[in-house]
Amino acid sequence: MTLSIPFDNSYARLPGQLFTRLDPTPVAEPRLIAWNHALASELGIDLPGVDESSLARHFSGNDVPSGAQPLAQAYAGHQFGQWNPQLGDGRAILLGEVQAPSGRFDIQLKGAGRTPYSRMGDGRAWLGPVLREYVMSEAMHAMGIPTTRALAAVSTGENVLREAPLPGAILTRVAKSHVRVGTFQFFAARADTEALQALADHVIARHYPDAKNITQLLEKVVEAQADLIASWMSVGFIHGVMNTDNMSLAAETIDYGPCAFMDAYHPKMVFSSIDQFGRYAYANQPQIAVWNIAQFASALIPLMEDTDAAVEEFTEIVNRFPDHYQQAWLARFGAKLGLPQLEDPALAEELLSLMARDGADFTNVFANLPDARDEFIDRDAFDDWAARWQALGPDEALMARSNPQVVPRLHRIEQSIEAAVSGDFAPFKRLLKIATQPFDLKEEDAAYSRPPAEEERVTRTFCGT
204 MTLSIPFDNS YARLPGQLFT RLDPTPVAEP RLIAWNHALA SELGIDLPGV
254 DESSLARHFS GNDVPSGAQP LAQAYAGHQF GQWNPQLGDG RAILLGEVQA
304 PSGRFDIQLK GAGRTPYSRM GDGRAWLGPV LREYVMSEAM HAMGIPTTRA
354 LAAVSTGENV LREAPLPGAI LTRVAKSHVR VGTFQFFAAR ADTEALQALA
404 DHVIARHYPD AKNITQLLEK VVEAQADLIA SWMSVGFIHG VMNTDNMSLA
454 AETIDYGPCA FMDAYHPKMV FSSIDQFGRY AYANQPQIAV WNIAQFASAL
504 IPLMEDTDAA VEEFTEIVNR FPDHYQQAWL ARFGAKLGLP QLEDPALAEE
554 LLSLMARDGA DFTNVFANLP DARDEFIDRD AFDDWAARWQ ALGPDEALMA
604 RSNPQVVPRL HRIEQSIEAA VSGDFAPFKR LLKIATQPFD LKEEDAAYSR
654 PPAEEERVTR TFCGT
């Protein structure tokens with residue numbers, strides 16, 4: 204039975220150099236692992252009469268849904284600061300877009316086979332990164348952080364070769380769009396102003412309709428990215444691979460490769476096995492965002508009549524990022540402390556310094572702040588801080604809404620992946636259920652809020668490509 208999806212594919216109507224049209228590569232034996240019923244309903248996807256095997260065929264790419272116009276997008280990017288002029292969707296196929304009551308969304312298959320942008324890769328994904336992104340993205344959404352979403356996970360019945368043969372899988376990713384800083388860089392590097400203008404018009408119409416021109420687009424992007432990064436910082440999230448090709452112009456968290464939520468807090472924390480020098484460490488994320496936005500601003504310059512004046516104006520706009528970020532950071536951390544009018548970062552920064560010095564758990568300190576002294580080695584120092592904080596009259600209801608009691612900790616994700624590789628998906632499904640109710644931890648699930656034991660600790664993450 205053909206699945207009913209209300210496609211309306213605006214990206215496919217843009218100039219042809221922005222993408223390559225091609226269908227997903229079929230897989231041997233698709234089986235449905237997970238299906239996000241709530242998200243499907245939000246997108247207006249009609250399910251009557253559609254069984255699991257049909258969903259598996261449609262969201263593996265074996266059956267292309269009616270109305271889809273599959274394509275792979277072109278983009279470039281700076282990867283760990285090094286320019287790569289030719290990237291693009293090397294293992295992803297955009298099926299199309301849906302216009303839902305809450306907005307327009309892309310539906311993309313990740314791990315759908317080789318494309319012209321695969322760069323010698325196999326175009327596939329293995330099971331581990333698919334399950335990780337499913338849990339992480341849905342947990343972030345549940346915490347109110349802008350993010351891509353997971354609609355489906357499907358096993359392929361085929362192995363992919365990484366360090367060893369591993370079971371293959373495909374993720375269906377939903378996003379406000381997949382346009383990146385690197386998409387603009389791709390066409391700026393080629394002096395293709397036709398594509399650049401079409402892309403800018405598309406992003407303005409789709410994401411920033413209040414922007415009247417290119418300058419205002421840049422201003423909107425600066426503000427939106429500042430708020431996004433502040434939201435990451437407020438939950439101890441480390442993206443791990445903030446390359447310009449992983450910075451969404453829709454200001455959503457995209458690409459959950461070597462990412463993690465911190466256990467013990469430290470501003471220099473890094474998990475990515477690739478990030479040898481800590482470029483994308485927790486505390487560096489705001490300044491990397493500025494660097495990435497500066498690359499976006501540079502890619503917009505060819506669209507301006509007076510390029511010298513534009514460089515000066517764009518530099519001033521990009522340099523406003525720290526002010527926007529500080530305002531967003533104060534709002535986020537003020538709410539975590541129950542202080543809606545926090546105007547001075549010193550109180551929050553002092554607590555973070557105590558946490559870093561004593562290796563206190565990021566999530567648990569904030570989730571249990573009135574009773575968090577046992578998280579600290581120097582309890583007298585915490586007591587002194589807590590007395591000054593309590594004197595400000597924190598709003599407990601605000602704190603409860605702002606501090607997740609549980610996040611999908613790295614060791615739990617790895618345990619669920621290990622079980623799934625052996626054919627047991629129960630740990631993944633339980634973790635997903637708990638992680639998507641982060642402010643309502645049940646007593647029977649309390650173990651999921653505990654940091655890893657020494658033998659459970661995971662210190663390195665991998666992209667899985």
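Numbering (this note's numbering), first residue to last: 204 to 668. Heads up, the beta-carbon is just placed ideally off N, CA and C, and yes, glycines get one too. In this text, all values refer to a predicted model and were calculated from it rather than measured experimentally.
Query - Anticipated Cβ contact below 8 Å, residue 498 with residue 384, distance rounded - result: For a cut-off of 8 Å, the C-beta gap from residue 498 to residue 384 is around 6 Å, short enough to register as a contact.
Query raised in the report: My guess is that residue 372 and residue 328 are in contact by the Cβ rule of under 8 Å, so how many angstroms apart are they, rounded?
Result: The beta-carbon separation of residue 372 and residue 328, rounded to 6 Å, stays under the 8 Å limit for a contact.
Query raised in the report: From the DSSP output, which residues share a beta bridge with residue 477?
Result: Bridge partners of residue 477 according to DSSP: none are assigned.
Requested in this report: With DSSP collapsed to three states, give me the class of residue 300.
Outcome: Residue 300: strand per DSSP, three-state reduction.
Query raised in the report: What's the call for residue 286, buried or exposed, on a 16-neighbour Cβ count within 10 Å?
Result: So residue 286 counts as exposed.
Requested in this report: Leaving out five residues on either side along the sequence, give the residues of the same chain with a beta carbon under 7 Å from the beta carbon of residue 559.
Outcome: Around residue 559: 468, 469, 470.
Query - Among 244, 302, 228, the one whose alpha carbon lies nearest that of residue 275 - result: Taking only the C-alpha atoms, the option nearest residue 275 is 228.
Requested in this report: Classify residue 619 as helix, strand or coil using the three-state DSSP reduction.
Outcome: When secondary structure is reduced to three states using DSSP, residue 619 falls in the helix class.
Query raised in the report: Mind pulling the alpha helix (DSSP H) runs of 4 or more residues that sit fully within the region 538-577?
Result: Taking 4 residues as the shortest admissible run, the region 538-577 contains the following complete alpha helix (DSSP H) segments, listed from N- to C-terminal end: 549-561, 565-570.
Requested in this report: Please check the pair residue 284 and residue 482, which I expect to be a contact at CB under 8 Å, by giving their CB distance rounded to whole angstroms.
Outcome: The Cβ separation is near 7 Å, so the contact holds.
Query - Stretch-stretch touch, CB-based, cutoff 8 Å, three pairs: the region 341-349 with the region 361-372 - result: With a cut-off of 8 Å, the region 361-372 and the region 341-349 do not count as touching, because too few Cβ pairs lie within range.
Requested in this report: Would you list, in sequence order, the uninterrupted beta strand (DSSP E) runs of no fewer than 3 residues that lie entirely inside the region 270-355?
Outcome: Runs of the beta strand (DSSP E) inside the region 270-355: 274-276, 280-282, 285-287, 295-303, 306-313.
Query raised in the report: Are the region 249-260 and the region 210-218 touching by the rule of at least three beta carbon pairs closer than 8 Å?
Result: Taking 8 Å as the limit for Cβ pairs, the verdict is that the region 210-218 does not touch the region 249-260.
Report task. Report yes if the C-beta distance between residue 422 and residue 351 is below 8 Å; otherwise report no. Result -> In this structure, the beta-carbon distance from residue 422 to residue 351 does not fall below 8 Å.
Query raised in the report: Mind checking residue 281: buried by the 16 CB within 10 Å criterion, or exposed?
Result: Buried, because 16 or more other Cβ atoms sit within 10 Å of the Cβ of residue 281.
Report task. Following the continuous beta strand (DSSP E) through residue 216, name the residue where it begins and the one where it ends. Result -> Note, residue 216: premise wrong, no beta strand (DSSP E); not H, not E.
Query raised in the report: For the putative contact between residue 239 and residue 355, defined by C-beta atoms under 8 Å, what is the C-beta separation to the nearest angstrom?
Result: Confirmed, about 7 Å.
Query raised in the report: Taking the C-alpha atoms as reference points, what is the distance between residue 302 and residue 209?
Result: Rounded to whole angstroms, residue 302 and residue 209 show a C-alpha spacing of 7 Å.
Query raised in the report: By DSSP, does residue 652 sit in helix, in strand, or in coil?
Result: Residue state, collapsed to three classes: helix.
Requested in this report: Could you round the C-beta distance between residue 225 and residue 318 to whole angstroms and report it? I think they count as a contact, below 8 Å.
Outcome: Yes, residue 225 and residue 318 are in contact; Cβ-Cβ is about 6 Å, under 8 Å.
Query raised in the report: For residue 264, which of 246, 609, 311 has the nearest alpha-carbon?
Result: When only C-alpha atoms are compared, the closest one is 311.
Query raised in the report: Excluding the five sequence neighbours on either side, which residues of its own chain have a C-beta within less than 8 Å of the C-beta of residue 505, listed in chain order?
Result: Cβ neighbours of residue 505 beyond the five flanking positions: 391, 394, 396, 399.
Query raised in the report: Would you call the CB atoms of residue 631 and residue 607 closer than 8 Å?
Result: Using a Cβ distance threshold of 8 Å, residue 631 and residue 607 do not count as a contacting pair.
**Report entry** Beta bridge counterpart(s) of residue 440 as assigned by DSSP
**Finding:** Residue 440 pairs with 464.
Report task. Quick one: grab the DSSP three-state call for residue 452. Result -> Of the three classes helix, strand and coil, the one that applies to residue 452 here is coil, per DSSP.
**Report entry** Straight-line Cα distance separating residue 544 from residue 538
**Finding:** Answer to the nearest angstrom: the Cα atoms are 9 Å apart.
Query - Through-space distance from residue 612 to residue 335, alpha-carbon basis - result: Residue 612 has its alpha-carbon roughly 11 Å from the corresponding atom of residue 335.
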